[in-house]
Structures are given as structure tokens and as C-alpha cells.
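Counting in this note's numbering, the sequence shown runs from 121 upward without gaps.
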Amino acid sequence: MTTRQVVSKISCRRSSTVCRFTRQNIVSDSMALTLDDIRAESERFGRLAFVATVSPSGTPYASPVAVAWHGETILAFLASNEAKVANVRKNPRVSVHFAVSPETDWDSCVLWGEGRIIDDTEGRRGLWDKMGYDCNMFEPGGPSADSHVFLVVEPSRALILRNYGLKGRDSWRRP
Numbered sequence: 121m122t123t124r125q126v127v128s129k130i131s132c133r134r135s136s137t138v139c140r141f142t143r144q145n146i147v148s149d150s151m152a153l154t155l156d157d158i159r160a161e162s163e164r165f166g167r168l169a170f171v172a173t174v175s176p177s178g179t180p181y182a183s184p185v186a187v188a189w190h191g192e193t194i195l196a197f198l199a200s201n202e203a204k205v206a207n208v209r210k211n212p213r214v215s216v217h218f219a220v221s222p223e224t225d226w227d228s229c230v231l232w233g234e235g236r237i238i239d240d241t242e243g244r245r246g247l248w249d250k251m252g253y254d255c256n257m258f259e260p261g262g263p264s265a266d267s268h269v270f271l272v273v274e275p276s277r278a279l280i281l282r283n284y285g286l287k288g289r290d291s292w293r294r295p
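Printed below as a string of C-alpha cells:
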């Protein structure tokens, strides 16, 4: 990739701010990323993430799940009776948070978007082999069993915080 191609792909800006906690000067690079960049970046966090939904009463609900990318969407294989499934049926707004860890230099990745539940046999069959593991381990009845569904999240924006945001942040928004 040439320098010109790289420059046309991302726009960068340098900014300097003072951390309100440490009073230290922070210089951060901020880049506008593509969804492919977000996908590649999120994959370094591993397959576990926290999916946050909102209950009908407005209560936030977050739980850890195994996730996998499928095209431009994020998938999770869930038991049909889980609270997050009921929540998404009532309110499709979700976030997916790939947590910080020492292995990622305390970086994190958060995506926001619309979720939908795939609960029909044909839909489950189409996604059955997309999780990166054998869904039959959790659902021996296969795609025709109603006890499991897929959550499909279409991201609309994302944020990557470098070292809790102290080393900068990168963002993406669906055009």
C-alpha cells in the first residue's frame, strides 16, 4: 500500500489535552477508521465480549458472551430464555464491549448498534457454522431446536480507547 493510499484511507489529527486526574499533558492520535479496521482491531481482544441490552423497564443489562464476526455483523449464540434475548426483542439497541486487559495494553473496543434475534430454523441453519465453534456442543438438537437463537448486531458506531483513552481514541461511524 502506498503512502497516498494510506492517507486516503484514514484521516488523522493530533491533539494535546491535559488529563483532569493526573494533570499530565496527553498527546493523542485520533484516526477515523473503517468497519474493516474495527473488525481487525476487535479480533485482537479475543472471542469474549460483554453484550449490553436494555430491559423494558430501562434497566441496563450486560453479560459476557462468545462473539464472532460474520461479514459486517457480530454474532452471538444464546439460549432462547436469556434476558438479553427478551430485551433485544423489545429494544434493539445494544452495545458490545471487548474488555481491557494487560495483553492489549489496557486498550478496549466498544461497538454500538442494532440487534435482532434469529429464531427460525432456516435462519439458525444459515448461521450455525459461523461462530467458530461447534454449536452442537450447546444445542445437540441442531438448528431446528427452539432452545437457542442467534443475536445479530449491525454496528453503527465504534470506539477504541488506547490505554483507557490516555493514549488516544479511534472511532468509526456508519455513513
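For each residue, glycine too, the CB sits at the ideal point set by N, CA and C.
Cβ-Cβ distance between residue i and residue j below 8 Å
i, j, result
"TRP232", "PRO275", "yes"
"SER175", "ASN207", "yes"
"ARG282", "ARG289", "yes"
"ALA169", "VAL216", "yes"
"THR241", "SER264", "yes"
"ALA278", "CYS229", "yes"
"ALA196", "VAL171", "yes"
"ILE280", "GLU192", "no"
"ALA152", "MET251", "no"
"VAL272", "VAL214", "no"
"ARG159", "TRP189", "yes"
"TRP248", "TYR284", "no"
Secondary structure of residue i, DSSP reduced to three states
i, result
"ASN283", "helix"
"ARG296", "Outside the displayed range of the chain (121 to 295) lies residue 296, so it cannot be described from this structure."
"SER276", "strand"
"ALA152", "strand"
"ARG143", "In this prediction, ARG143 scores a pLDDT of 49, lower than 50, which makes its location untrustworthy; the coordinate-derived value is nonetheless stated afterwards. Note: ARG143 maps to coil in three-state DSSP."
Segment limits, beta strand (DSSP E) that includes residue i
i, result
"GLY235", "228-238"
"SER162", "Looking at the DSSP string, SER162 is not in any beta strand (DSSP E); the run it does join, the alpha helix (DSSP H), is 155-163."
"ALA169", "168-174"
"THR193", "193-199"
Start and end residues, alpha helix (DSSP H) containing residue i
i, result
"VAL220", "Taken as a continuous stretch (DSSP letters only), VAL220 belongs to no alpha helix (DSSP H), as it is neither H nor E."
"VAL188", "The sequence shown places Ala at residue 188, rather than the Val named in the question. From DSSP, ALA188 is part of no alpha helix (DSSP H) but of the beta strand (DSSP E) over 180-190."
"LYS210", "203-210"
"THR241", "241-247"
Whole-angstrom C-beta distance between residue j and residue i, which should lie under 8 Å
i, j, result
"ARG236", "PRO212", "6 Å"
"ARG164", "THR224", "6 Å"
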